[in-house]
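Asks:
Number of protein chains: 2
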Amino acid sequence: MADRPGGPPVNADPRFSLNQWTTRHWPMPDLLSGCAAKGVRGVGLWREPVAEYGLARTAKLVGDNGLTVTSLCRGGFFQQPDAIADNKRAIEEAAALGAPVLVLVSGGLPDGSRDIDGARTRVADALAELAPFAGQHNVQLAIEPLHPMYCSDRCVVSTLAQALDLASPHSPDEVGVVIDTYHLWWDPTAYDGIARAGREDRIAAFQVADWTTPLPEGVLTGRGMLGDGCVELRRFRQAVEATGYTGPIEVEIFNEELWAMPGADALSLTLSRFAEHVV
Amino acid sequence: MADRPGGPPVNADPRFSLNQWTTRHWPMPDLLSGCAAKGVRGVGLWREPVAEYGLARTAKLVGDNGLTVTSLCRGGFFQQPDAIADNKRAIEEAAALGAPVLVLVSGGLPDGSRDIDGARTRVADALAELAPFAGQHNVQLAIEPLHPMYCSDRCVVSTLAQALDLASPHSPDEVGVVIDTYHLWWDPTAYDGIARAGREDRIAAFQVADWTTPLPEGVLTGRGMLGDGCVELRRFRQAVEATGYTGPIEVEIFNEELWAMPGADALSLTLSRFAEHVV
């Protein structure tokens with residue numbers, strides 16, 4: 300990443316959305332004004348910083364900066380005892396922010412459990428309970444298949460096909476899926492899955508990050524800056540668009556090096572790489 | 300692992316095979332006599348220590364200890380320019396050891412490449428070139444799907460379905476697949492894949508290790524001792540056996556803590572956990 304810092308200023312593509320975790324330590328007001336200053340139109344927000352800054356205050360500041368919230372991260376973690384109540388709160392928060400989508404990271408196995416089928420059934424049960432509530436709030440639940448290396452501790456939904464199967468009992472208005480290049484790039488059936496997701500009208504969100512190695516300890520913060528890795532980002536974008544998807548393209552990168560940069564610089568670099576490798 | 304060291308001595312199950320990398324630093328003669336002393340009948344050997352000790356010398360010592368070589372690890376790495384010649388040597392080495400199976404780790408993307416389809420085509424092409432040569436040597440090539448977290452740098456074959464598709468043009472005598480619990484446990488289609496592998500007579504090897512988190516940096520040495528993680532090892536073993544498979548069950552664990560133990564202690568622990576969690 301460091302060897303190609305920034306480049307010339309890039310006007311943000313209208314579909315570009317900055318997921319807040321990409322510039323994790325950028326305070327909310329700076330993030331929102333910083334995005335507006337660069338012509339960014341969308342942001343993906345996270346519940347914790349929204350709660351910290353205040354839900355109503357965040358919603359107002361988003362509007363004041365001419366931005367829209369493309370998604371709220373995140374609901375899910377259905378292995379936790381209070382998951383349903385917490386996810387209902389998350390749906391209400393998404394609605395208050397005007398976010399059309401709540402991203403669901405479905406949770407892993409409870410401590411000490413080996414019951415992966417049970418964990419997956421729990422996800423299906425939770426969706427059945429939450430989907431109508433989401434529909435009432437005009438929020439679409441977006442099941443995110445996470446890379447299989449997160450299966451035990453973060454998300455037992457590991458493939459796009461599995462996410463689409465979980466979504467299938469529900470109206471697409473209420474339950475969709477997230478296409479995230481970082482999680483799906485390795486899957487030999489990924490492009491078939493994207494086509495299916497399009498046919499079934501399930502693409503709720505499209506997120507991009509690159510895959511680099513070696514992975515860091517814990518494998519949480521090793522996502523690559525666009526262009527630094529081996530993912531065919533443009534091919535993914537074209538495949539998603541070939542289904543008729545015209546929604547935002549969120550950049551969501553968990554990366555210590557990026558987090559160490561000033562937010563505005565990280566955004567500039569991201570915009571430049573987005574223009575070079577995604578659109 | 301450390302909190303349950305050993306337990307009472309366990310007589311080795313006749314299907315148990317110790318993959319050499321589980322006790323990586325155990326010198327070859329000690330490994331072979333140590334296995335024989337505990338009633339172990341099979342070992343999975345690796346090319347590097349075999350070459351170091353000497354191919355003919357290893358083959359003789361295996362026989363002198365009443366052991367058989369259940370598999371040789373490993374061929375593959377087809378992204379390398381000399382891959383075909385090197386894999387032919389590996390096939391000859393397997394034959395010289397009396398190993399019925401050569402495990403293939405198919406290789407990742409070449410440095411700087413994003414062409415995952417090309418890398419996968421290269422695997423198919425290499426199999427076509429190598430399968431007849433393997434057949435002539437009575438060695439079965441065993442395509443090992445590796446966990447998707449290794450897709451970019453070690454193995455672009457990431458699922459059992461994909462491995463079976465790659466095997467399909469070839470005779471099962473020449474090309475089969477490896478079922479390894481560590482690599483496959485997360486896959487929602489794993490049990491369907493095992494049944495298919497059985498129907499298609501492709502199960503060349505069955506390996507077991509457990510999945511634990513957090514993963515270490517580089518994610519190579521984080522495999523869990525049997526019973527320490529969340530994999531349904533017994534369910535996997537039963538599913539493999541339900542297809543009619545009666546071959547060896549190899550324990551292959553890459554784990555720094557295990558490697559730090561004296562070889563005989565590591566084997567005792569492995570045998571005890573195998574009896575507790577696998578058979």
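Residue numbers (the numbering used here), protein chains in the order written: chain A, 300 to 578; chain B, 300 to 578.
Glycine included, every Cβ here is placed at the ideal spot set by N, Cα and C.
Note that the coordinates shown come from a computational prediction; the quantities given were computed from them, not determined experimentally.
Since Cys-450 of chain B contacts Gly-407 of chain B with CB under 8 Å, what's their CB separation in whole angstroms?
Replies: Indeed, because the Cβ distance is near 7 Å, the residues count as touching under 8 Å.
Asks: What's the gap between the Cα of Pro-326 of chain B and the Cα of Leu-371 of chain B?
Replies: Across the structure, Pro-326 of chain B and Leu-371 of chain B are spaced so that their CA atoms are roughly 17 Å apart.
Asks: Taking the alpha carbon of Arg-419 of chain B as the reference point, which residue from B:Pro-399, B:Val-456 and B:Ala-384 has its own alpha carbon closest?
Replies: B:Val-456
Asks: Taking Gly-374 of chain A as the reference, give the member of A:Ile-415, A:Pro-409, A:Arg-340 and A:Ala-430 with the closest Cα.
Replies: A:Ala-430
Asks: Residues in the same chain with beta-carbon distance under 6 Å from Gly-521 of chain B, minus the five sequence neighbours each way, listed in chain order, please.
Replies: Leu-514 and Pro-515
Asks: Considering only the alpha carbon of each residue, which of A:Lys-337, A:Gln-319, A:Thr-369 and A:Gly-492 lies closest to Thr-545 of chain A?
Replies: A:Thr-369
Asks: Can you give me the C-alpha to C-alpha distance between Gly-528 of chain B and His-436 of chain B, rounded to a whole angstrom?
Replies: 38 Å
Asks: If Ile-552 of chain A sits next to Arg-314 of chain A, beta carbons under 8 Å apart, how far is it from one beta carbon to the other, in whole angstroms?
Replies: Wrong, their Cβ atoms sit about 17 Å apart, outside the cutoff.
Asks: Can you look up Gln-378 of chain A in the DSSP assignment and give me helix, strand or coil?
Replies: Reduced to three states, the DSSP call for Gln-378 of chain A is coil.
Asks: Just confirm the distance between the C-beta atoms of Val-539 of chain B and Ile-478 of chain B, as a whole number of angstroms; I'd bet it's less than 8 Å.
Replies: Yes, Val-539 of chain B and Ile-478 of chain B are in contact; Cβ-Cβ is about 6 Å, under 8 Å.
Asks: Within the chosen definition, does the stretch 480–488 of chain B reach the stretch 500–519 of chain B through at least 3 CB pairs nearer than 8 Å?
Replies: Output reads yes: the stretch 500–519 of chain B touches the stretch 480–488 of chain B.
Asks: For a cutoff of 9 Å on Cβ pairs, would you count Glu-570 of chain B as touching chain A?
Replies: The sequence shown places Leu at residue 570 of chain B, not Glu. No, Leu-570 of chain B does not count as interfacial toward chain A.
Asks: Helix, strand or coil for Asp-472 of chain B? Go by DSSP, reduced to three states.
Replies: coil
Asks: Strictly under 9 Å for the Cβ-Cβ distance: is Leu-514 of chain B near chain A by that measure?
Replies: yes
Asks: Please confirm whether Gly-343 of chain B and Gln-506 of chain B have their CB atoms less than 9 Å apart.
Replies: yes
Asks: Starting from the C-beta of Leu-360 of chain A, find all residues in its chain whose C-beta is less than 6 Å away, skip the five residues before and the five after it, and write them out in chain order.
Replies: Leu-331
Asks: Tell me the start and end of each unbroken beta strand (DSSP E) in the stretch 489–557 of chain B that is at least 3 residues and wholly inside, in chain order.
Replies: 502–507 and 548–550
Asks: Rounding to the nearest angstrom, what Cα-Cα distance links Ala-394 of chain B and Val-438 of chain B in this structure?
Replies: 6 Å
Asks: Would you mind giving the Cβ-Cβ distance between Leu-445 of chain B and Val-404 of chain B, rounded to the nearest angstrom? I have them listed as a contact below 8 Å.
Replies: Taking a contact as a CB-CB distance under 8 Å, the pair Leu-445 of chain B and Val-404 of chain B counts as one, their CB atoms being some 6 Å apart.
Asks: Quick check for students: name the residue ranges of the alpha helix (DSSP H) that lie wholly in the stretch 351–431 of chain B, counting only runs of 4 or more.
Replies: Fully contained in the stretch 351–431 of chain B are the following alpha helix (DSSP H) runs of length 4 or more, in chain order: 354–363 and 382–396.
Asks: Grab the span of the alpha helix (DSSP H) containing Ser-571 of chain B for me, first residue to last.
Replies: 562–576
Asks: When you check each C-beta in the stretch 500–526 of chain A against every C-beta of chain B, which residues fall closer than 7 Å?
Replies: Trp-510, Thr-512, Pro-513, Leu-514, Pro-515, Glu-516, Gly-517 and Val-518
Asks: Using a Cβ cut-off of 9 Å (strictly closer), state whether Ser-599 of chain A contacts chain B.
Replies: A query on residue 599 of chain A cannot be resolved here, the shown segment of chain A reaching from 300 to 578 and no further.
Asks: Within 10 Å of its beta-carbon, does Ser-316 of chain B have 16 or more other beta-carbons around it, so buried, or fewer, so exposed?
Replies: buried
Asks: Are the C-beta atoms of Gln-461 of chain B and some chain A residue less than 9 Å apart?
Replies: At a cut-off of 9 Å between beta-carbon atoms, Gln-461 of chain B makes contact with chain A.
Asks: Can you give me the C-alpha to C-alpha distance between Phe-459 of chain A and Arg-498 of chain B, rounded to a whole angstrom?
Replies: Note that residue 459 of chain A is Leu in the sequence shown here, rather than Phe. Each residue's Cα considered, the two are about 26 Å apart.
Asks: Give me the Cα-Cα distance between Pro-304 of chain A and Met-448 of chain B, rounded to the nearest whole angstrom.
Replies: Note that Pro-304 of chain A has pLDDT 48, beneath the 50 cutoff, so the model's placement of it is unreliable and the number below is only indicative. Straight-line Cα distance between these residues: approximately 28 Å.
Asks: Which residue comes first and which comes last in the alpha helix (DSSP H) that contains Ala-336 of chain A?
Replies: 327–336
Asks: Do you know offhand how far Ala-311 of chain A's Cα is from Ser-571 of chain A's?
Replies: Whole-angstrom Cα-Cα distance: 9 Å.
Asks: So with CB distances below 8 Å, who are the chain B contacts of Cys-529 of chain A?
Replies: Leu-408, Ser-412, Arg-413, Ile-415 and Ser-451
Asks: In angstroms, rounded to a whole number, what distance separates the CA positions of Gly-561 of chain B and Phe-573 of chain B?
Replies: The amino acid occupying residue 561 of chain B in the given sequence is Pro; Gly does not appear at that position. Whole-angstrom Cα-Cα distance: 18 Å.
Asks: Tell me whether Arg-594 of chain A is buried or exposed, calling it buried when 16 or more other Cβ atoms sit within 10 Å of its Cβ.
Replies: What is shown of chain A runs 300 to 578, which leaves residue 594 of chain A out entirely.
Asks: Please compile the residues from chain B whose C-beta is within a distance smaller than 7 Å of the C-beta of Trp-485 of chain A.
Replies: Pro-447, Cys-450 and Ser-457
Asks: To which residues does DSSP link Asn-318 of chain B through a beta bridge?
Replies: Residue pairing by DSSP places Asn-318 of chain B opposite B:Gly-343 in a beta bridge.
Asks: Could you pull out every residue in the same chain whose Cβ sits closer than 7 Å to the Cβ of Phe-376 of chain A, ignoring the five residues on either side in sequence?
Replies: Contacts found: Ala-382, Val-404 and Gly-406.
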